[in-house]
Structure formats: structure tokens, C-alpha cells
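See below for the structure under consideration.
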Amino acid sequence: MSNTANALPFPVNAPPLEMGQDGAVRIGNSRISLDLVVEQYENGMTPEEMVRVYDTLQLADVYAAISYYLRHRDEVRAYLKRRQEEANHLEKKIASEHPRVTREDLLARRSAREKTDAPTGN
280 MSNTANALPF
290 PVNAPPLEMG
300 QDGAVRIGNS
310 RISLDLVVEQ
320 YENGMTPEEM
330 VRVYDTLQLA
340 DVYAAISYYL
350 RHRDEVRAYL
360 KRRQEEANHL
370 EKKIASEHPR
380 VTREDLLARR
390 SAREKTDAPT
400 GN
């Protein structure tokens, strides 16, 4: 008793994921990354909570992104691992190019500046 007129449509839609110029996969038309959605999902956040917290997300897009993750877990985890390695490399590069300034260094700079800016007594 098959009635094709009453059949549900099963469209083949691509997941609402887009690769940005920075290499990050974004969800729908938002700036929210797949990295963040997967992290929040793995930490127990529901798609409904994500939409409340990140108001640029659409509920259907969050569900689609999570579905994509669940169907392609190994590939997504490899992508996330690469992203983390890139972030670690960038953090080390920035730290080596711009060494951290200690509080003592800042106080010494201020003291030196105050001495040079101090009015001279006539």
C-alpha cells in the first residue's frame, strides 16, 4: 500500500558547513566554528542550549552539524587535531616573537619613565 503522493521528501542536502579562508569550518551563516559546536556537544550541551547561547546559530544547522560529526567522527577528530596543532604552533611562534613582559619589567619601565619625565628643579 505505497502511496508516492504521501511519501516524505528525502532531499539530499549538504551539511550547513563552510570552510573559511582561515581554515576553520563554520556553521551555517554564523561565525561559530565546528570546533566549538563539537566541543560543546561533547561537554553535554544540547543543540537548543547552543542556539540560546550562540544566537547566530540556527537549530536545524546545529543538529545537521552534530549529525555530520557523528557520521564522520574520525575525519572530524582528525580535523580538530590538526586545528589544535596549528593553534599550538601559532601560540609558540607568538610567544617567541613577543616575549612575555613581567610585572617587574613594567614597574622598572614606569620608574625609568617617571625619572626622565620628572621636572627639573631650578
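Just so we're aligned: 382 in this note's numbering is position 103 of the sequence shown, and the numbers increase by one with no gaps anywhere. A virtual CB, placed ideally from N, CA and C, is assigned to each residue, including glycine. Computed from a prediction, not measured in an experiment: that's the story for all the values here.
Residue(s) in a DSSP beta bridge with residue i
i      : result
Glu297 : Arg305
Of the residues the options, the one placed nearest residue i, counting alpha carbons only
i      : options                           : result
Glu297 : Ala366, Asp314, Pro378 and Leu386 : Asp314
Tyr342 : Glu365, Ile306, Glu376 and Gln363 : Ile306
Asp486 : Ala391, Lys394, Glu365 and Leu386 : Limits of the chain in this structure are 280 at one end and 401 at the other, which puts residue 486 out of reach.
Residue i: CB within 7 Å of a non-hydrogen atom of the ligand MG
i      : result
Gly307 : The ligand MG is absent from the structure shown, which contains no ligand whatsoever.
Contact check, residue i vs residue j, beta carbons under 8 Å
i      : j      : result
Tyr358 : Pro294 : no
Val317 : Val291 : no
Same chain only: Cβ atoms within 8 Å of residue i, ignoring 5 sequence neighbours per side
i      : result
Leu338 : Pro326, Glu327 and Val330
Arg388 : none
Sequence-distant residues of its chain with Cβ nearer than 7 Å to residue i (five each side left out)
i      : result
Leu336 : Ile306, Gly307, Ser309, Ile311, Met329 and Val330
Gly299 : Arg305
Sequence-distant residues of its chain with Cβ nearer than 6 Å to residue i (five each side left out)
i      : result
Tyr320 : Ile345
Write down every uninterrupted run of the alpha helix (DSSP H) in the segment 306-362 whose length is 4 residues or greater and which is fully enclosed by it, in chain order.
313-321, 326-332 and 338-350
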